[in-house]
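Encoded as structure tokens, the structure appears first; notes follow it.
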Amino acid sequence: MRKRYTITLLPGDGIGPEIMAVAVEVLKAVAKKCDLEFEFQEGLIGGAAIDATGNPLPEETVEMCRKSDAVLLAAIGGYKWDSLPREKRPETGLLGIRAALGLFANLRPATVFPQLIDASPLKREVVEGVDIMVVRELTGGIYFGQPKGIFTTETGEKRGVNTMAYTEAEIDRIAKVAFEIASKRRNKLCSVDKANVLDVSQLWRDRVTAMAEKYPQVELTHMYVDNAAMQLIRQPRQFDTIVTSNLFGDILSDEAAMLTGSIGMLPSASLGSHPPGLFEPVHGSAPDIAGQDKANPLAQVLSAAMMLRYGLQEETAASLIEQAVSTVLSQGYRTADIMSPGCRLVGCKQMGDALLQALS
Ligand code: IPM
Ligand code: MG
């Protein structure tokens, strides 16, 4: 029997709708090839939701996501909403959907595409073969810890507070995901913390170390976050899987993405203890080029591939998409952000057409 999935699409803001349109066409093409059926439904989030409802994450969107098998998100945010109070900002919608769906594990691969290696700001010898998976904790740590806020002290001075906190259970569940992923990769896990200074990091390190007993095949190392930031540039190939907390993962995943020279190429997956997972490109909404058919849709398309692999366990369909991306790059198709001499400059739609061609 043909497998049927309900997918919630959250195109969001800026280039979101353009790149989402390409991903949907690609998914339809893959569905035909793999005998799958997708039912797409569209929800509001971010600035688009603020404009329509005054709320960056309407309850209706959360309900729609909860009832689906997977959520594919494009990007949120833009200048227009930058001066709104925090609870009304697009980012609050994104953090809200992560929390509402319990998406505690964020998988951010940083893979160098051989066809794009010269787009990296680092030397070819340093980045060639880089294949890192950053596993970032996504619903805890300093992003969500209490107390938080801007308070007024007795002297009338304002004091801003955020709290970096993790419980044992929160550490254990992300550590488990990371060990599982490392076991399916090259069996190397590096846990990144700041245990020389932070108590919360000491607990993190103790729990990750304890979890390692269940995964004797995985070689576990620990690294302080400042050193990790340096090692990622110095010798990125030493890393296989990295597990770290919410804030450190936010920073290190951007750094790892830049190694590849093409942040416009990188997808991510956010998973909880049960479906739906949420899948989105690492890059933002690029309001400066929105609506001009200049955006690179490949990270969105690769996010759809991650959705198939990690969200729906449809490995064959996921690989087909990844192969199509590799094919169009080898054929020389490039959007402006990854353009290099001798290649063929295309817009977002044309890149989509090339992908469909590669799939057919
Ligand atoms: C990311 C982004 C978000 C984060 C922002 C937009 C809230 O930087 O997904 O990495 O900090 O998690
Ligand atoms: Mg970030």
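Taking the working numbering, I'd label the letters of the sequence shown as residues 236 to 595.
In this text, a Cβ means the ideal position worked out from N, Cα and C, and glycines have one as well.
Note that the structure is predicted; figures quoted are calculated from it, not measured.
Inside the stretch 236-299, DSSP marks whole beta strand (DSSP E) runs of 3 or more residues at positions 238-247, 271-277, from first to last along the chain. Scanning the stretch 473-534 from its first residue to its last, the whole beta strand (DSSP E) runs of 3-plus residues come out as 476-479, 502-506, 512-516.
Contact annotation: E515 and A540 have beta-carbon atoms that are not nearer than 8 Å. Excluding the 5 residues flanking it on each side, R239 has same chain C-beta neighbours closer than 6 Å at E272, in chain order. Residue pairing by DSSP puts A340 in a beta bridge opposite E372, L506.
When DSSP reads this structure, K383 sits in no beta bridge, so it has no partner.
DSSP, read as helix, strand or coil, puts G395 in strand.
Proximity of the beta carbon of D489 to the ligand MG is indicated: a heavy atom of the ligand is located closer than 7 Å. Bounds of the beta strand (DSSP E) holding M458 are 454-459.
In the DSSP secondary-structure assignment, R408 is not bridged to any residue.
With 6 Å as the limit, the residues whose C-beta approaches a heavy atom of the ligand IPM more closely than that are E326, L329, L330, D485, in chain order.
Here I311 carries a coil assignment [DSSP, helix/strand/coil]. When C-beta atoms of the stretch 501-520 are compared with those of the stretch 431-446, fewer than three pairs fall below 8 Å, so the two segments do not count as touching. In summary, P576 is exposed, with fewer than 16 beta-carbon neighbours lying within 10 Å of its beta-carbon over all protein chains present.
The beta-bridge partner set that DSSP reports for I416 is empty. Taking C-beta atoms as the reference points, S497 and N341 fail to come closer than 8 Å. Going by beta carbons, G249 and A284 fall outside the 8 Å limit. Nearest C-alpha to K383 among E392, M399, T390, E389: M399. Rounded to the nearest whole angstrom, the CA to CA distance from E295 to G278 is 8 Å.
When C-alpha distances from A354 are compared across M586, C583, L564, the shortest belongs to L564.
Between V306 and T241, the CB-CB gap reaches or exceeds 8 Å. Under a 10 Å Cβ-count criterion, M465 is classified as exposed, with fewer than 16 other Cβ atoms of the shown protein chains found around its own Cβ.
In terms of Cβ geometry, K411 and M368 do not form a close pair [threshold 8 Å]. Pairing V581 with R569 gives a Cβ-Cβ distance under 8 Å. In this structure A404 is exposed. Its beta-carbon is surrounded by fewer than 16 other beta-carbon atoms within 10 angstroms. Bounds of any alpha helix (DSSP H) do not take in V432, whose DSSP letter is neither H nor E. Here T346 is buried: its Cβ has 16 or more other Cβ atoms, across all protein chains shown, within 10 Å. Between the alpha carbons of K315 and I377 lies a gap of roughly 27 Å.
Judged by DSSP in its simplified three-state form, T444 adopts helix. About 5 Å separates the CB atoms of A258 and V536; that is less than 8 Å, so the two are in contact. The C-alpha of A256 is placed about 16 Å away from the C-alpha of Q592. In terms of Cβ geometry, L338 and L292 do not form a close pair [threshold 8 Å]. For T390, there is no enclosing alpha helix (DSSP H), as DSSP gives it neither H nor E. In this structure, K529 is the residue among E549, Y545, K529 with its C-alpha nearest to the C-alpha of M586. For I573, there is no enclosing alpha helix (DSSP H), as DSSP marks it with neither H nor E. Residue burial is scored here from C-beta neighbours: S595 has fewer than 16 other C-beta atoms within 10 angstroms and is therefore classed as exposed.
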